[in-house]
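Enquirer: Residue numbers (the working numbering): 11 to 341. Sending over a structure as structure tokens; questions will come in a sec.
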Ligand code: HEM
């Protein structure tokens, strides 16, 4: 099979498994370089616009209208919010010069999003010149969720964010917590030193430095909002998936991959954390035989405590069975 025959969503998918088994690690690498996969590549730009741009922005607006607490910003994060917004605007212009324009004349800025037909003039740091707080304005224009981490007292603090597509966590609950506290529920990583090492690494980032990592789980249906707040809406689907016909699993069960970027902002000293969620149903994973085999092998071997934490205890069985039955993987 050649990459040309595959749909863009597969060609561009950030397949996350370099090895036959998966364990937590401080898996960071420099951002901006193209990552090649068995189907194509991803990762040319830290902010990425794809065929789901308008759909995901509309979904974010619906989620925020129903629950404004998905946006959080402690008062001391104003400076970082402005810097994050303008930094990402520049990143968008660098990545897609025909779709975005940013002009500056002293303190007066003009932002144009040609994709959405936006034309916004604003004065830097002047809240009255924007319709919403900067992070909120940014969230209307990028598919990524955003967290801003303040660095002080030898630690990182998740003090602002706009997160509508959380994989089973809650920004409202986490806001104001330290990096170590935020990762409190994750098994293994504390004893193994993964999280303290990650924090040391992040605190050493120099202005402008950009790194990235991936994380993954399984999600039933194309549901981006799997926040703790909406658990009653999506949690039961995990159980029901196993009770439905096996043939349905390929369409309903999705490999969910987060591409996360970590960027040090120069003026505020904050760390900008971008989380981009990609969902690919198993039927599409199966278009790439190497991916089907690798996902199968990872799911079979994944230790119980990690499976439990990821919330895949009930879904990995049906996923493994489907991959064996319909994707021709070898056992
Ligand atoms: C090098 C940097 C990082 C590493 C190595 C790391 C590692 C991890 C790991 C291993 C998990 C468990 C994921 C899973 O099993 O699906 C996790 C979850 C999580 N991470 Fe990170 N992470 C990093 C950066 C960040 C940053 C900057 C934030 C910003 C707030 C963050 C917020 C979270 C949250 C909210 C969860 C879910 C925790 C929960 O269950 O409540 N991570 N992280």
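Beta carbons: idealized from backbone N, C-alpha and C, even for Gly.
For residue 325, collect the residues of the same chain with a Cβ closer than 8 Å to its Cβ; drop the 5 residues on either side in sequence, then sort them by chain order.
Expert: 228, 230, 248, 251, 252, 263
Enquirer: Relative to the alpha-carbon of residue 310, which residue among 282, 30, 57 has its alpha-carbon at the smallest distance?
Expert: 30
Enquirer: Look up residue 156 in the DSSP assignment and give the residues it is bridged to.
Expert: Residue 156 pairs with 172, 284.
Enquirer: Ligand 1 heavy atoms versus the CB of residue 168: any closer than 6 Å?
Expert: yes
Enquirer: List the whole-angstrom C-beta distance separating residue 215 from residue 90, where the pair is believed to meet the contact cut-off of C-beta under 8 Å.
Expert: About 14 Å; that fails the 8 Å criterion.
Enquirer: Around the C-beta of residue 288, are 16 or more other C-beta atoms found within 10 angstroms, so that it is buried, or is it exposed?
Expert: buried
Enquirer: Curious, which full-length beta strand (DSSP E) runs of at least 3 residues does the segment 60-144 contain?
Expert: 81-83, 110-115, 118-123, 128-133
Enquirer: Would DSSP call residue 201 helix, strand or coil?
Expert: coil
Enquirer: Which residues in the same chain as residue 236 place their Cβ atom closer than 7 Å to its Cβ, once the five residues preceding and following it in sequence are excluded?
Expert: 176, 177, 178, 229, 244
Enquirer: Measure the Cβ-Cβ separation of residue 120 and residue 131 and say whether it is below 7 Å.
Expert: yes
Enquirer: Please list, in chain order, all residues of the same chain as residue 97 whose beta carbon is under 8 Å from its beta carbon, the five residues on each side excluded.
Expert: 273, 275, 282
Enquirer: Around the Cβ of residue 128, are there at least 16 other Cβ atoms within 10 angstroms (buried) or fewer (exposed)?
Expert: exposed
Enquirer: Between which two residues does the alpha helix (DSSP H) harbouring residue 304 extend?
Expert: First-last of the alpha helix (DSSP H) with residue 304: 299-311.
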